[in-house]
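J.: The numbering used here applies: residue 42 is where the sequence shown begins, and numbers increase by one. Ideal Cβ positions, reconstructed from N, Cα and C, are used throughout, including at glycine. This one's a predicted model, so the numbers in the text were calculated from it and none came from an experiment.
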Amino acid sequence: MHRFKDLEIWKRSRSFCSEIYSITSKFPESEKFGLTNQLRRASVSIPSNIAEGSSRQSNKDFARFLQITLGSAYEIETQLLIASDLGFINNEELKELSKNLESIIKMTSKFKSTLK
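1. Assuming ARG53 contacts SER144 under a Cβ cut-off of 8 Å, what Cβ separation, rounded to an integer in Å, is found between them?
2. Nearest CA to the CA of GLU118: which residue from LYS136, SER95, GLY128 and PHE152?
3. Would you tell me roughly how many angstroms separate the C-alpha atoms of ARG97 and PHE68, rounded to the nearest one?
4. Between which two residues does the alpha helix (DSSP H) holding LYS153 run?
5. DSSP state of PHE106, grouped into three classes?
6. According to the neighbour-count rule (16 or more other Cβ atoms, all chains shown, within 10 Å of its Cβ), is LYS73 buried or exposed?
7. Identify the continuous alpha helix (DSSP H) that holds GLU60 and give its terminal residues.
8. So, does the stretch 83–90 touch the stretch 121–141, judging by three or more C-beta pairs under 8 Å?
9. Determine the closest residue to ALA83 out of GLU70, SER71, THR65 and THR155, with distance taken between C-alpha atoms.
10. In whole angstroms, what is the alpha-carbon distance linking ARG44 and SER95?
Here it is, written out as structure tokens:
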């Protein structure tokens, strides 16, 4: 069992979640139940799945939750590209968010590979 609060990927993903909430607060009101909601839910899913997986008794179970985490991260990547296409975020915002997300993806993948 791992202490999720000590995991750097959990700390970074929690911070990333705050970034997503901040950026989506600027989205049009008409997106409140669309892209805004989707991005927020997926971003909350990342640290939540890391935390839930860390409580599992086996590394195999934890690895499964990290796989779900990666799925949420790729979902966010797609949604950020769509938000950019629609003009809700600019290129600099997209670049910064993508860089932070890529870091989380790499860390999660590497950590997952150590659990085998």
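T.: So, from the listed chains and residues:
1. Rounded to the nearest angstrom, the Cβ distance from ARG53 to SER144 is 7 Å, consistent with a contact under 8 Å.
2. Among LYS136, SER95, GLY128 and PHE152, the Cα nearest to that of GLU118 belongs to LYS136.
3. Going from the Cα of ARG97 to the Cα of PHE68 covers about 37 Å.
4. 132–155 is the extent of the alpha helix (DSSP H) around LYS153.
5. Correct three-state label for PHE106: helix.
6. By the neighbour-count rule (16 or more Cβ atoms within 10 Å), LYS73 is not buried but exposed.
7. Run containing GLU60: 49–65, per the alpha helix (DSSP H) assignment.
8. Between the stretch 83–90 and the stretch 121–141 there are fewer than three C-beta pairs closer than 8 Å, too few to call the two in contact.
9. Looking at GLU70, SER71, THR65 and THR155, the one whose alpha-carbon comes closest to that of ALA83 is THR65.
10. When rounded, the distance between both Cα atoms is 7 Å.
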